[in-house]
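For my numbering, count along the sequence shown from 1 and bump the result up by 2. Input: a single structure, listed below in structure tokens.
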Amino acid sequence: MNDSPGWATPGSSPSDGEDGSHGTQPPAGGSGDSKWSAEQPPPGQWSSPTPGQTPPNPQQQPPAAPQPGAGWGGGGYPTQNGGQGGWGQHTQAVKPGVIPLRPLGMGEILDGAVTTMRKHWRAVLPITLVVAVVVQLASVLMQKYAFGDVVLDQSSDAPLDEQIDALGSFVGLSAADGFIQLIGAIVATAMLTMIFSRAVLGHGSSIGAAWREARPQLARLFGLTLLMGLGAALLFAVLVLPGALAGQIGLTVLGGFVAVGLVLWLWIRFSLASPALMLEKATVRKSLVRSSKLVKGSWWRIFGITLLTQIITGFVAALIIFPLTLVGGLLFGGGLEGMTDGTGTASWGFLIVVAIGGVIGLTITMPMQAGVTVLLYVDQRIRREALDLELARAAGIENYGTTTPPTGG
């Protein structure tokens, strides 16, 4: 099985051993696993020979000495071992799309996500807008007609069976609302992944093309998302419930801390499974394995970028939703008093204004989050598997990875 599949562009045949591999495999000789060399070989060893041409012998072609102070352009790239890699022989990194074809910094990943939203807004924004409208519409209808009929009476005089029925109804409605949001998020993530993958190559994408490319993997993406959610719930159940059932507060709190730590660690470890599943046409199991390998050794870096993205998108969403919620409460919710006691939060005016804020917030933040995840996946594959060579060929850049300067881009 090939552990380093090549860049599987949307619509290509499955990789990673399912139908053969068309990717570039790093040769042995690096630290650790021979297929996961931390220091990539010089460009002469990576160039694809033309038909009938014998590949060059690496021992007969010593790598060119890096130029002092050349940085990313002429002196190679810094590796995980602190050395110098060898693919950067040009004066500046090739950038056929929204990112340069080299290991990316945190700012470049965030900028690439924003640039894709700006350059390809005709495909990005309609997808997130439709999904946001559907999700918020379902939420408004459920809050108006379903949640309004569920009354959780916390007084001691309420019969136990009525409390149980009300609690069960509330949990069921919350689960239904969450399921609708989950479906919307999965569809948007799948289609946005395809758009961002083409934006890396400098190619545009239409909504119809993104849907056709994403549709075959939607069931697997749903299974992946469901599996990760059930795994997190199972961890909490195993680590928190024993202490709670025994009435041991200290044990319950300790189990909660351990569960949060494990879920966070696993969340980052498998954070690249979604783009791996979509772009490599992988199965759920293989996508989890691929994410684990790509994240290995870079957990803290990916955690930091992911956390910063969540903070930024959460702040942007709050800037949009909070003022509209306040306006809706003052105009349609009976003022601050009505918002406090909950009597005004079920009016149509309040629900619609809040839903508008939710639509705007989701439309802006959803592609940002999806884009950062895709670009982190691309960045990790560039660092570990020299994916820039595959991307350059897919973008039509000639002579990339050789001493001859590229002619396209």
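Think of the CB as a built atom: it goes at the ideal place given N, C-alpha and C, for glycine as much as any other residue.
- In the three-state reduction of the DSSP assignment, Leu389 falls in the helix class, which pools H, G and I.
- One Cα belongs to Gly263, the other to Leu241, and the distance between them is close to 11 Å.
- Distance from Val137 to Ile182 at the Cβ level is roughly 6 Å; contact confirmed, criterion being Cβ atoms closer than 8 Å.
- Under the 10 Å beta carbon count, Leu377 is surrounded by 16 or more other beta carbons and is classified as buried.
- Annotation: Lys121 to Ala192 spans about 19 Å, alpha carbon to alpha carbon.
- A direct Cα-Cα distance of roughly 15 Å separates Gly225 from Leu274.
- Per DSSP, the unbroken alpha helix (DSSP H) holding Ile307 starts and ends at Trp301 to Phe334.
- Judged by DSSP in its simplified three-state form, Tyr402 adopts coil rather than helix or strand.
- Taking 8 Å as the cut-off, the Cβ atoms of Val100 and Val265 do not count as close.
- Rounded to whole angstroms, the Cβ separation of Leu353 and Val142 is 5 Å, and the two are in contact under 8 Å.
- Taken atom to atom, the span from the alpha-carbon of Ala357 to that of Gly330 is near 10 Å.
- A straight-line Cα-Cα distance of about 12 Å links Pro218 and Val189.
- In the structure shown, the three-state DSSP call for Thr191 is helix.
- The stretch 365-384 makes contact with the stretch 317-327; the number of CB pairs closer than 8 Å reaches 3 or more.
- With respect to the 8 Å criterion, Gly204 and Ala397 are classified as neighbours on the basis of their beta carbons.
- Between the alpha carbons of Leu389 and Lys295 lies a gap of roughly 15 Å.
- Looking at Lys146, Gly107, Leu194 and Ile399, the one whose alpha-carbon comes closest to that of Arg124 is Leu194.
- Here DSSP, grouped into helix, strand and coil, assigns Leu274 to coil.
- When Leu228, Ile304 and Glu400 are compared, the shortest CA-CA separation from Leu106 is found for Ile304.
- In this structure, Gly373 and Met119 form a Cβ contact; the two beta carbons are roughly 7 Å apart against a cut-off of 8 Å.
- It is roughly 15 Å from the alpha-carbon of Asp113 to the alpha-carbon of Tyr379.
- Gly174 counts as exposed, since fewer than 16 other C-beta atoms from the protein chains shown sit within 10 angstroms of its C-beta.
- For Glu110, the enclosing alpha helix (DSSP H) stretches over residues Met108 to Lys121.
- Ser207 and Val355 have their C-alpha atoms some 33 Å from each other.
- CA-to-CA, the gap between Phe324 and Leu309 works out to about 21 Å.
- Across the set Leu290, Glu387 and Ala261, the C-alpha of Ala261 shows the shortest separation from the C-alpha of Ala234.
- Within the same chain, Cβ atoms closer than 7 Å to the Cβ of Gly186 are found at Val133, Val136 and Val137, the five residues on either side in sequence being excluded.
- Between Ile111 and Asp381, the C-beta gap is smaller than 8 Å, which places the two residues in contact.
- Using a Cβ distance threshold of 8 Å, Ala278 and Arg287 do not count as a contacting pair.
- For Ala178, the secondary structure class from DSSP, reduced to helix, strand or coil, is helix.
- Secondary structure at Glu282: coil, using DSSP grouped into helix, strand and coil.
- Per the C-alpha coordinates, the member of Phe172, Gln250 and Phe259 positioned closest to Leu237 is Phe259.
- With a contact defined as Cβ atoms closer than 8 Å, Met144 and Asp179 qualify at about 5 Å.
- Here the alpha carbons of Ser199 and Ser276 stand approximately 13 Å from one another.
- Under the DSSP assignment, Gly206 falls outside any alpha helix (DSSP H); it carries neither an H nor an E label.
- Using a 10 angstroms sphere on the CB of Pro98, the tally of other CB atoms reaches 16 or more, which defines it as buried.
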